[in-house]
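Residue numbers (the numbering used here), protein chains in the order written: chain A, 115 to 468; chain B, 629 to 816.
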């Protein structure tokens, strides 16, 4: 294999995301500022200043930003947006349209505390909203990075998956990651690593398409939805990803996602140093959810500790996935809109073991 | 052996807490260490308590925040109530006595070190470079970061400000030297 030149740099999370988007060929950004993702908008604006081929539009609000993105994508532009909190709530109208019309939009979400304006800092409370938001059925691909490097890798992946499978994709991050400043390896991409785009309406090889988000008869919409569900089911196993670390034979399973999974990893490593074996299941895609991977990781487990910075949004997915399969006791460390420190996870695991 | 320093820098808006935290992370990275920095921030744009969480390690760093600080710097009295939750048994507290009274820390039993950053900055140059003295001190405490590397990180980060006030480069460098000098002979 040819030697790939990797550039290791120090950056903030928001800068990493913009870098990744440019690397994978993003061409257009529309957005409305909101902490903690405002720097995505301002960094892109700076890039667009330098490169006149890049399109940038700051709209009057989030719905407008989302519809601009859908418009760009429909004409074959690799368009994306970034939002958070109440902005993510407002964005659900255009995102539902993207779902209805199978538009490969890419949305970066920097979760902040909720409900409502909440805090500008941090939470994992936008999981339900990002996976299943809008008046649809959650035909979405949602990646959950746990550190700065994954922010780079998974942003690239989100663009590629969106355009490959033609479902809206998301990078579900948070304010801690967005504002973190640390080392990232910027991998260059070959042209073949980038999924190409095409216009949905004006495909030169095919007849002009009539793509609809409005149907007059129930069976029409119903049959259309069945096709989308079937498509989504067929890609789910290919797209779903998870990571299992620690002692595979341990009877204690910790389930965590995003930056909390990073915290749990530190806790599991530290316990291992002290001679205590635990395993950690961490989904990389929150939708489609890595069902088989979780079910396998949970085999033979007596205790499951679910931890998250929300009041059980993730816990419900875990319990639903494992329903009826095992009799393990479920323990919870839920800290809505608060960080979960490695030390806390460690002491909770010790408590579970007692 | 894994080396890990969890440093919490606390003060108030305008003292340059976030700048010094970011430069510390940069200089550690330039010295071949792993580093991660995250600011604490709220709705307010100015003023208020400012916290910088910096982790420096020989290995990959996980979560951006931490519960227990190894070194805690306090440069504002009103930060005291906010940092209590990060104090563990072994947390070393470095505080500037001209800014934080002994009285306000008297119920904290931890080992304390006087870090007269503001006084030194005012006496030798200007109070503005107080944060650079704290930065030099922290780099010295971490170890393995040379004066040269630290100055380079400072100058690269702050080069934009040097156009307006060229004397600042000299002041910053001098402040770094003073700060690093404070840790000479101190072993943690």
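Even glycine gets a Cβ: it sits at the ideal position worked out from N, Cα and C.
Residue i beta carbon near the ligand PLP (any heavy atom closer than 7 Å)
i: residue 313/A; result: As for the ligand PLP, it is missing from this structure, which has no ligand bound.
Rounded C-alpha distance that separates residue i from residue j
i: residue 152/A; j: residue 231/A; result: 15 Å
i: residue 804/B; j: residue 705/B; result: 24 Å
i: residue 735/B; j: residue 700/B; result: 16 Å
i: residue 387/A; j: residue 360/A; result: 11 Å
i: residue 377/A; j: residue 224/A; result: 18 Å
i: residue 753/B; j: residue 787/B; result: 19 Å
i: residue 304/A; j: residue 255/A; result: 24 Å
i: residue 399/A; j: residue 245/A; result: 10 Å
i: residue 731/B; j: residue 773/B; result: 34 Å
i: residue 159/A; j: residue 220/A; result: 17 Å
i: residue 115/A; j: residue 300/A; result: Any answer about residue 115/A is weak, because its pLDDT of 46 lies below 50 and its placement is not dependable; what the coordinates show is given next. Each residue's alpha carbon lies about 18 Å from the other.
i: residue 368/A; j: residue 419/A; result: 5 Å
i: residue 356/A; j: residue 778/B; result: 40 Å
i: residue 796/B; j: residue 750/B; result: 14 Å
i: residue 324/A; j: residue 136/A; result: 30 Å
i: residue 327/A; j: residue 447/A; result: 41 Å
i: residue 382/A; j: residue 238/A; result: 21 Å
i: residue 681/B; j: residue 120/A; result: 28 Å
i: residue 717/B; j: residue 466/A; result: 24 Å
i: residue 815/B; j: residue 770/B; result: The predicted position of residue 815/B is uncertain, since its pLDDT is 43 and thus under 50; a value taken from the coordinates is nonetheless stated next. Their backbone Cα atoms lie some 10 Å apart in a straight line.
i: residue 200/A; j: residue 462/A; result: 32 Å
i: residue 272/A; j: residue 393/A; result: 27 Å
i: residue 338/A; j: residue 250/A; result: 13 Å
Same chain, Cβ closer than 7 Å to residue i, neighbours up to 5 away in sequence not counted
i: residue 268/A; result: 257, 259 and 285
i: residue 165/A; result: none
i: residue 472/A; result: Here chain A has residues from 115 to 468 only, and residue 472/A is not among them.
i: residue 801/B; result: 779
i: residue 247/A; result: 206 and 209
i: residue 790/B; result: 796 and 797
i: residue 190/A; result: 311, 312 and 313
Supposed close pair residue i, residue j - CB separation, criterion 8 Å
i: residue 375/A; j: residue 396/A; result: 4 Å
i: residue 708/B; j: residue 733/B; result: 7 Å
i: residue 132/A; j: residue 154/A; result: 6 Å
i: residue 763/B; j: residue 809/B; result: That belief does not hold up - the Cβ atoms of residue 763/B and residue 809/B are roughly 13 Å apart, past 8 Å.
i: residue 759/B; j: residue 664/B; result: Actually they do not touch by this definition, with Cβ atoms about 20 Å apart.
i: residue 685/B; j: residue 632/B; result: 4 Å
i: residue 253/A; j: residue 346/A; result: 5 Å
i: residue 695/B; j: residue 720/B; result: Their Cβ separation, rounded to whole angstroms, is 16 Å, which puts residue 695/B and residue 720/B out of contact at 8 Å.
Contacts that residue i makes with chain C (C-beta to C-beta distance below 8 Å)
i: residue 373/A; result: The displayed structure is made up of protein chains A and B, and chain C is not among them.
Proximal residues to residue i (C-beta, below 8 Å), its chain only, five neighbours per side dropped
i: residue 729/B; result: 705
i: residue 353/A; result: 255, 275, 279, 399 and 402
i: residue 173/A; result: 144, 145, 146, 179 and 182
i: residue 552/A; result: Nothing can be reported for residue 552/A, as the shown portion of chain A is limited to 115 through 468.
i: residue 365/A; result: 414, 415, 416 and 417
Nonlocal neighbours in the same chain, by C-beta distance under 6 Å from residue i, ignoring five residues either side
i: residue 193/A; result: 142, 183, 186 and 187
i: residue 236/A; result: 288, 289 and 290
i: residue 436/A; result: 412
i: residue 645/B; result: 637, 639, 678 and 680
i: residue 211/A; result: 184 and 327
Near-chain A residues of the region 782 to 809 of chain B - C-beta to any C-beta below 8 Å: Cβ contacts with chain A: none found.
contact_flag[the region 202 to 210 of chain A, the region 421 to 434 of chain A] where n(CB pairs < 8 Å) is 3 or more: Verdict: no, contact absent.
Residues, ordered as in the chain, of the region 269 to 297 of chain A that lie near chain B by beta-carbon distance below 9 Å: Listed by position along the chain: 289, 290, 291, 293, 294, 295, 296 and 297.
Residues of the region 424 to 458 of chain A whose Cβ lies closer than 9 Å to any Cβ of chain B, in chain order: So the close ones are 453, 454, 455, 456, 457 and 458.
Under 9 Å (Cβ pairs) to chain B, residues found in the region 376 to 388 of chain A: Only those residues of the region 376 to 388 of chain A whose C-beta falls short of 9 Å from the nearest C-beta of chain B are listed: 376, 377, 378, 379, 380, 381, 383 and 387.
Interface positions of the region 768 to 781 of chain B facing chain A (Cβ-Cβ less than 8 Å), listed along the chain: Within the region 768 to 781 of chain B, no residue has a Cβ that lies closer than 8 Å to any Cβ of chain A.
Within 7 Å of chain A by C-beta, residues of the region 742 to 757 of chain B in sequence order: Listed in sequence order: no entries.
Chain B contacts made by the region 221 to 239 of chain A, where a contact means CB separation under 8 Å: Flagged, chain order: 233, 234 and 235.
Under 8 Å (Cβ pairs) to chain B, residues found in the region 118 to 131 of chain A: From the region 118 to 131 of chain A, only 124 have a Cβ closer than 8 Å to chain B.
Cβ contact check for the region 689 to 703 of chain B and the region 441 to 459 of chain A: 3 or more pairs under 8 Å: Enough Cβ pairs lie closer than 8 Å, so yes.
Cβ-based contacts, 8 Å cut-off: residues of the region 654 to 666 of chain B near chain A: Within the region 654 to 666 of chain B, the qualifying residues are 654, 657, 662, 663, 664, 665 and 666.
Chain-ordered residues of the region 636 to 655 of chain B with a beta carbon less than 7 Å from chain A: Identification of residues in the region 636 to 655 of chain B having a C-beta nearer than 7 Å to some C-beta of chain A yields 650, 653 and 654, given in sequence order.
Chain A contacts from the region 695 to 727 of chain B (Cβ-Cβ distance under 8 Å): Within the region 695 to 727 of chain B, the qualifying residues are 695 and 696.
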